[in-house]
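**Q**
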Amino acid sequence: MNETDNKNFDDELMAAAAELATEVMPERDLWPGIEQAISQPAKPARTVWNSVWAQAAAVLLLVGGSSGVTYLAMTDGAETSPVAANGPVLIFEPVAGSFGSMYHLGPDYQDARRSLAAKVDEELGRLTPEERAEVQRNIAVIRTAIEDINKALAEEPDNALLQKLLLSTYREELDLMMRVDGITGAAMRRGDI
Amino acid sequence: MTAESVAEEYGWIRKAQAGDAPAFERLYRMHVDKVYGLCLRMTGNVAEAEDCAQDAFIQAWSKLNNFRGDSAFGTWLHRVAVNTVLGRMRKSRREQDRIRAVSDVSATPEMIGDSGGLRDLEHAIDELPSGARHVFVLQAVYGYSHDETSEMLGIAAGTSKAQLHRARRLLAQQLKTECA
Numbered sequence: 001m002n003e004t005d006n007k008n009f010d011d012e013l014m015a016a017a018a019e020l021a022t023e024v025m026p027e028r029d030l031w032p033g034i035e036q037a038i039s040q041p042a043k044p045a046r047t048v049w050n051s052v053w054a055q056a057a058a059v060l061l062l063v064g065g066s067s068g069v070t071y072l073a074m075t076d077g078a079e080t081s082p083v084a085a086n087g088p089v090l091i092f093e094p095v096a097g098s099f100g101s102m103y104h105l106g107p108d109y110q111d112a113r114r115s116l117a118a119k120v121d122e123e124l125g126r127l128t129p130e131e132r133a134e135v136q137r138n139i140a141v142i143r144t145a146i147e148d149i150n151k152a153l154a155e156e157p158d159n160a161l162l163q164k165l166l167l168s169t170y171r172e173e174l175d176l177m178m179r180v181d182g183i184t185g186a187a188m189r190r191g192d193i
Numbered sequence: 194m195t196a197e198s199v200a201e202e203y204g205w206i207r208k209a210q211a212g213d214a215p216a217f218e219r220l221y222r223m224h225v226d227k228v229y230g231l232c233l234r235m236t237g238n239v240a241e242a243e244d245c246a247q248d249a250f251i252q253a254w255s256k257l258n259n260f261r262g263d264s265a266f267g268t269w270l271h272r273v274a275v276n277t278v279l280g281r282m283r284k285s286r287r288e289q290d291r292i293r294a295v296s297d298v299s300a301t302p303e304m305i306g307d308s309g310g311l312r313d314l315e316h317a318i319d320e321l322p323s324g325a326r327h328v329f330v331l332q333a334v335y336g337y338s339h340d341e342t343s344e345m346l347g348i349a350a351g352t353s354k355a356q357l358h359r360a361r362r363l364l365a366q367q368l369k370t371e372c373a
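Heads up: the protein sequence lines correspond to chains W and L, in order. Sequence positions in the first sequence follow this note's numbering and run 1 to 193. Sequence positions in the second sequence follow this note's numbering and run 194 to 373.
Okay, here's the thing in structure tokens:
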């Protein structure tokens, strides 16, 4: 076969390809499936979480949460917890939280949180300065994370990932506060005995 | 398309962009043969082509507000369909089973237009490896340029040229084998 044969064959091939039907009707109607798919409510788009500070918040949350839990677990196992009398009054203000454009923290949760925070403020005064500083540091880390996630939510109100993260951060905070309350309560009982 | 039908289509697009599903159904009816045809040529499989066409229209619905009218709606749909085919193929390993070696033969070529020639050609295109098939379909069947093809497939223009050359060579071998 020579070059001319090849050229002719190529030309025929391309000409024949151009004759092929470009419009073909499917054997079955595809519309019912399409209609069903598009009539369902749109899932929230998975947006890429690309803000550096929001990622930093997640890291802070992880580090803060784990170190807080570790610290509290170790403290909880101690035989005696020295009570610091006349400690300074600690400010434990609740952080305003929202869940984007669709959700808000309920009033019951806000009340319970405020009440627990006030109790923890009192209880913190019973810890040693070192313990108090450690707990405060952990709480501050979680609070910073909450604020940062809220800022991120202000920009992406319907980001499901951020909403979930905020909810779990509030849970971490609540857990930490309850643990502080439990520790000081136990210390009190031991001290009383 | 006539100016009248373009205006009519534009009306349906505007309504569909506002969330009107019946208007989108009109667009589906107007374009399903083009989208399905492309999916069929690119996948070489009826069931896969049906799924691709369905997915392409679902994608088109979700991205409809991105359509600004810079190109014809049919062209925009073609691009959505090509992306859908490529996306599905990336997810599927079935494509790997399609690739097979084509033996090198040296027979005298017959005229493609001879009896059953187009049918043989369709079959031969279906047997091409995906990269070569996609380029051949878009260029030789649908008449897109190298630049348009490479942009739609997300490949370099040089790759598009190389794949077209490969497709021609493989088709020539395949068709000559069948004729021999």
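Glycine included, each C-beta is placed from N, C-alpha and C at the ideal position. Given the structure is predicted, the values throughout are model-derived calculations rather than measurements.
Taking one C-beta from the region 351-363 of chain L and one from the region 318-325 of chain L each time, how about it: are there three or more such pairs within less than 8 Å?
**A** yes
**Q** I want to see whether chain W comes within less than 8 Å of GLU202/L, judged by CB atoms only; does it?
**A** Position 9 of the second sequence, counting from 1, holds the residue named residue 202/L. It does not; no Cβ of chain W falls within 8 Å.
**Q** Contact criterion: CB-CB distance below 8 Å. Does THR22/W meet it with respect to chain L?
**A** Along the first sequence, one-based indexing puts residue 22/W at 22. At a cut-off of 8 Å, the C-beta of THR22/W has a neighbouring C-beta in chain L.
**Q** Whole-angstrom Cβ separation of VAL273/L and CYS232/L, contact assumed at under 8 Å?
**A** What you label residue 273/L is simply residue 80 of the second sequence in a count that begins at 1. What you label residue 232/L is simply residue 39 of the second sequence in a count that begins at 1. 11 Å between Cβ atoms; not a contact.
**Q** Which term fits GLU241/L, buried or exposed, when burial requires 16 or more other beta carbons within 10 angstroms of its beta carbon?
**A** Residue mapping note: residue 241/L aligns to position 48 of the second sequence, counting from 1. Under the 10 Å beta carbon count, GLU241/L is surrounded by 16 or more other beta carbons and is classified as buried.
**Q** Around the C-beta of LEU220/L, are 16 or more other C-beta atoms found within 10 angstroms, so that it is buried, or is it exposed?
**A** Position 27 of the second sequence, counted from the first residue, corresponds to residue 220/L. It is buried - the Cβ of LEU220/L has at least 16 other Cβ atoms within 10 Å.
**Q** Our contact map puts GLY230/L next to THR22/W with C-beta atoms below 8 Å; I'd like the distance itself, whole angstroms only.
**A** For the purposes of this step, residue 230/L is taken as the residue at position 37 of the second sequence. For the purposes of this step, residue 22/W is taken as the residue at position 22 of the first sequence. Indeed, because the Cβ distance is near 5 Å, the residues count as touching under 8 Å.
**Q** Identify whether THR144/W lies in helix, strand or coil by the three-state DSSP scheme.
**A** By 1-based counting over the first sequence, the position of residue 144/W is 144. Residue state, collapsed to three classes: helix.
**Q** Locate the alpha helix (DSSP H) running through VAL275/L, then write down its first and last residues.
**A** Position 82 of the second sequence holds residue 275/L. Note, VAL275/L: alpha helix (DSSP H), 266-284.
**Q** To be precise: take each residue of the region 347-367 of chain L, compare its Cβ to all Cβ atoms of chain W, and keep it if any distance is under 8 Å. Which residues remain?
**A** ARG361, LEU364 and ALA365
**Q** Grab me the residues of PRO302/L's own chain with a C-beta within less than 6 Å of its C-beta, minus the 5 sequence neighbours each way, in chain order.
**A** Within the second sequence, the letter at position 109 stands for residue 302/L. Residue confidence is low: PRO302/L scores 39 on pLDDT, short of 50, so the model does not pin down where it sits. Its coordinate-derived value is still stated next. These residues qualify, in order along the chain: LYS369.
**Q** Going straight from the alpha carbon of ASN276/L to that of MET235/L, what length do you get?
**A** Taking the first residue of the second sequence as position 1, residue 276/L is located at position 83. Taking the first residue of the second sequence as position 1, residue 235/L is located at position 42. Straight-line Cα distance between these residues: approximately 11 Å.
**Q** Is there a Cβ of chain W sitting closer than 8 Å to that of LYS227/L, yes or no?
**A** Taking the second sequence and counting its residues from 1, the one referred to as residue 227/L is at position 34. With 8 Å as the cut-off, LYS227/L counts as an interface residue toward chain W.
**Q** What residue from ALA216/L, PHE329/L and GLY336/L has the CA that sits closest to HIS358/L's CA?
**A** As a position in the second sequence, residue 358/L is number 165, starting the count at 1. It is PHE329/L.
**Q** Check distances from the C-beta atoms of the region 322-335 of chain L to those of chain W and list, in chain order, the residues that come in under 9 Å.
**A** PHE329, VAL330, GLN332, ALA333, VAL334 and TYR335
**Q** Quick one: give me the first and last residue of the alpha helix (DSSP H) that ARG126/W is part of.
**A** Numbered from 1 along the first sequence, position 126 holds the residue referred to as residue 126/W. No alpha helix (DSSP H) holds ARG126/W; DSSP gives it neither H nor E.
**Q** Under 8 Å, do TRP254/L and ILE149/W count as touching if we go by C-beta distance?
**A** Walking along the second sequence from the start, residue 254/L turns up at place 61. Walking along the first sequence from the start, residue 149/W turns up at place 149. It is not a contact, given that the beta carbons lie outside the stated cut-off.
**Q** Report buried or exposed for ARG132/W, applying the criterion of at least 16 other Cβ atoms within 10 angstroms of its Cβ.
**A** Indexing the first sequence from 1 puts residue 132/W at position 132. ARG132/W should be labelled buried.
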